[in-house]
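Under the numbering used here, residues 876 to 978 are what the sequence shown spells out, in order.
Where a beta carbon is used, it is the ideal one built from N, C-alpha and C, also for glycine.
Since the model is a prediction, treat every value here as computed from it, not as a measurement.
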Amino acid sequence: MKIERKTYRDGNLYPEAFNYLKSLPENIDYYKAHIERHPLSIYDLSIQRVMKALAEILDEIERINHALFDAEGRLDYSLAKLPILQKELLEALIELLQINYML
876 MKIERKTYRD GNLYPEAFNY LKSLPENIDY YKAHIERHPL SIYDLSIQRV MKALAEILDE
936 IERINHALFD AEGRLDYSLA KLPILQKELL EALIELLQIN YML
């Protein structure tokens with residue numbers, strides 16, 4: 876199964892759920908009373924967190940790629956930050972999945 880999104884056809888490259896959430900009116904009483912945020916806002920914040928975490932991992936990988944080796948042949952850059960960034964990405968993805976099921 877191939878999922879294909881086109882900006883000229885779908886309006887954006889986000890998953891189809893984005894279009895449904897965007898079409899919800901702003902004055903939904905249930906969400907105002909219980910969640911305080913519009914469902915599209917919740918979804919958008921979650922996607923932003925995933926994209927930020929992914930960008931930080933890619934930036935760290937870029938820094939690792941440009942790091943130099945010392946005289947003994949060891950990488951002269953600490954790799955301790957990468958697992959922390961990977962954990963943040965996984966947590967952001969889990970949150971996005973949970974939000975998709977919640978909405």
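query: Under 8 Å between C-beta atoms of ILE932 and GLN961; result: yes
query: Simplified DSSP state of LEU971, which is helix, strand or coil; result: helix
query: Assumed close pair LEU954, ILE939 - CB separation to whole angstroms, cut-off 8 Å; result: 7 Å
query: Own chain partners of LEU957 with C-beta closer than 8 Å, once the 5 adjacent residues on each side are dropped; result: ILE932, GLU935, ILE936 and ILE939
query: Pairwise C-alpha distance: LEU965 and PHE980; result: Beyond the ends of the chain as shown, which are 876 and 978, falls residue 980; an answer cannot be given.
query: Alpha-carbon spacing of ASP885 relative to ILE922, whole angstroms; result: 18 Å
query: For LEU943: DSSP bridge partner residues; result: Bridge partners of LEU943: none, in fact.
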